[in-house]
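J.: Attaching a single structure in structure tokens format; questions to follow.
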Amino acid sequence: MTVQHFTLAKFREGTSEEEMEEAFRTIELLLETARSIPGIKGVKAGPPLSRAGTRGYQVALAVEFEDLNAFREWIPHPHHRLVAEFVNSIAEEKPLSFQIDGTRRLAKL
0 MTVQHFTLAK
10 FREGTSEEEM
20 EEAFRTIELL
30 LETARSIPGI
40 KGVKAGPPLS
50 RAGTRGYQVA
60 LAVEFEDLNA
70 FREWIPHPHH
80 RLVAEFVNSI
90 AEEKPLSFQI
100 DGTRRLAKL
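Going by numbering that gives the first Met the number 0, the first residue of the sequence shown is number 0, and it counts up by one from there.
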């Protein structure tokens, strides 16, 4: 089973466009280095393509893990702490985080 881990965040009120762009560059650099950590299959981050339906969330991060154990090992990993601390430092409120089974197929409707 692969695990997809998602984090959604809102920038602090008053964050300028330049600060947002710099934050995305920092997040991309932090996640790019995470690619070398065993068990991580892929990483992505960015703003929404459209603000419709986002409920104000402006930052999305996605990390794909080989399995549940790799995800569990990521949580206390020092590099995860760096990513989490940075995202928390730019976030208006506690970011939303959830995981799904990346191999699960939805039943046909």
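For glycine and all other residues, C-beta sits at the position ideal for the given N, C-alpha and C.
Closer than 7 Å to a non-hydrogen atom of the ligand COA - does that hold for the CB of proline 47?
T.: Because no ligand of any kind appears in the structure shown, any question about the ligand COA cannot be addressed here.
J.: Go to leucine 95, then tell me how far its beta strand (DSSP E) extends in each direction, as first and last residue.
T.: Taken as a continuous stretch (DSSP letters only), the beta strand (DSSP E) holding leucine 95 covers 95 to 100.
J.: If you draw a straight line from the C-alpha of alanine 83 to the C-alpha of arginine 50, how long is it?
T.: Taking the straight line from one Cα to the other gives about 23 Å.
J.: Figure out for me which residue from Val86, Gly38, Glu31 has the closest Cα to the Cα of tryptophan 73.
T.: Of the listed residues, the one whose Cα sits closest to tryptophan 73 is Gly38.
J.: What does DSSP give as the partner residue(s) for threonine 6 in the beta ladder?
T.: Partner(s): Leu60, Ser96.
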